[in-house]
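Encoded as structure tokens, the structure appears first; notes follow it.
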Amino acid sequence: LAETWQSDLLPALLAANVPLLCSNPDYVAPGKAGLTTSPGTIAKAYRDGGGTVELVGKPYPLIYDLVRTRLDGMKCRNPLFIGDSYDHDIVGAHNAGFDALLVLSGIHREFFEDHDIKQTAVDELIKGGPPPTWISRTL
70 LAETWQSDLL
80 PALLAANVPL
90 LCSNPDYVAP
100 GKAGLTTSPG
110 TIAKAYRDGG
120 GTVELVGKPY
130 PLIYDLVRTR
140 LDGMKCRNPL
150 FIGDSYDHDI
160 VGAHNAGFDA
170 LLVLSGIHRE
180 FFEDHDIKQT
190 AVDELIKGGP
200 PPTWISRTL
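The numbers in the numbering used here rise by one with no breaks, and the one at position 44 of the sequence shown is 113.
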């Protein structure tokens, strides 16, 4: 995203009272130079500015309902959701009743560079929330 979205894009959208549909509520994503801004950051700023935002990506139910609909009649009954965002990917899958694999080389990479993959480090990350079904350092 352009670095000027807060000064250029956000005020124009708020002034036009355009509803915002955010299909990826992640706040950050891994990039070549570290973590980069993701659509969830814009959605939060837009909502904080008084704009109307509809969030439909993980962890919100719509995406999981669509998966269930697509799986109806197929042999795959319990898909594995894979993601690097605990708050979005893992919590969303858990809330929908699906298994989830947490990949540690994504947005939580720096946290796990300072910790061994031990239960205490995972507990510190999830802070009492639902645990991932599986954990992998990388894909």
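Cβ atoms here follow ideal geometry from the backbone N, Cα and C, with glycine treated the same way.
Let me know the secondary structure DSSP gives Ser76 once reduced to three states.
Sequence index remark: in the sequence shown, residue 76 carries index 7 (1-based). Correct three-state label for Ser76: helix.
Quick check: the Cα distance between Leu140 and Tyr133, rounded to an integer number of angstroms?
As a working note, residue 140 is residue 71 in the sequence shown. As a working note, residue 133 is residue 64 in the sequence shown. Straight-line Cα distance between these residues: approximately 10 Å.
Please classify Pro80: is it buried, with 16 or more other beta-carbons within 10 angstroms of its beta-carbon, or exposed?
The count along the sequence shown starts at 1 and reaches residue 80 at position 11. By the neighbour-count rule (16 or more Cβ atoms within 10 Å), Pro80 is not buried but exposed.
By how many angstroms is the C-alpha of Gly100 removed from the C-alpha of Cys91?
Translated into positions along the sequence shown, residue 91 becomes position 22. Translated into positions along the sequence shown, residue 100 becomes position 31. Near 20 Å, if we compare the C-alpha coordinates of Gly100 and Cys91.
With H, G and I counted as helix, E and B as strand and the rest as coil, what does DSSP make of Gly59?
This structure gives no information on residue 59, because the portion of the chain shown stretches from 70 to 208.
Where does the unbroken beta strand (DSSP E) through Val160 begin, and where does it stop?
Taking the sequence shown and counting its residues from 1, the one referred to as residue 160 is at position 91. Element bounds for Val160: not the beta strand (DSSP E) but the alpha helix (DSSP H), 160-165.
If you scan the stretch 82-136 from start to end, which runs of the beta strand (DSSP E) of 3 or more residues do you find wholly inside it?
89-91, 97-100, 103-106, 122-124, all fully within the stretch 82-136.
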